[in-house]
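Counting the sequence shown from 1 gives a position; my numbering is that position plus 4. Below you'll find the structure, written out as structure tokens, and then a few comments.
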Amino acid sequence: MVKHAVVEAKLALLADRVDQVRLHRVASRDALAGDRVARDLVAFNLMLAVQACTEIASHVIADEGLRAATTLAEAFTRLGEHGVLTPATVKALSSAVGLRNVIAHGYAGIDLGMLQSAATAGVDDLDRFAAEIARWLAAQGA
């Protein structure tokens, strides 16, 4: 059985990181290119937000005894297979893992257009993930 307090704490951390992205994002890709501080803060907080999502997914998989995921992206697929996440959220968060990896590991630099998109439309995907997890958690009871 999933530990509600652990998931709720990770959801609070996720919400804080998303708030930081919203606070530091700028209006355009060009503005992001010209503001290293904003770029770094947005990238860092997006990376940690996606990491929080992967930790939540992994926690639910482990505590519910689901078949283990072999990749971070597959963890979202697993939750989709068990009705925890919608297909749209699975797709969005699986893609977000790619951005997280680029930021965390510095693979060939960060595409600023992708970063700007993640800082604007992408945060809605993170909010949707949090809402779906919270609904599933509530349905499990305390």
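We put the CB at the ideal spot given by N, CA and C, even for glycine. Given the structure is predicted, the values throughout are model-derived calculations rather than measurements.
Where do the ends of the alpha helix (DSSP H) carrying residue i lie?
i	result
A92	P91 to H109
A73	Note, A73: premise wrong, no alpha helix (DSSP H); not H, not E.
M118	L116 to Q144
A13	H8 to H28
A37	R33 to A37
Quick one: Cα of residue i to Cα of residue j, how far?
i	j	result
L15	D34	31 Å
V106	A66	26 Å
F48	P91	26 Å
H86	T74	16 Å
V54	V10	17 Å
K95	H8	25 Å
V41	D131	24 Å
D39	A138	35 Å
H17	A56	Correcting the residue identity first, residue 17 is Leu in this sequence and not His. Roughly 7 Å separates the two Cα atoms.
F133	S62	14 Å
Buried or exposed: residue i, going by 16 or more other Cβ atoms within 10 Å of its Cβ?
i	result
D109	Rather than Asp, the amino acid found at residue 109 in this sequence is His. Flag for H109 reads exposed.
M5	exposed
G69	exposed
L103	buried
### Query
Any chance the segment 117-132 sits against the segment 76-85, with 3 or more Cβ pairs inside 8 Å?
no
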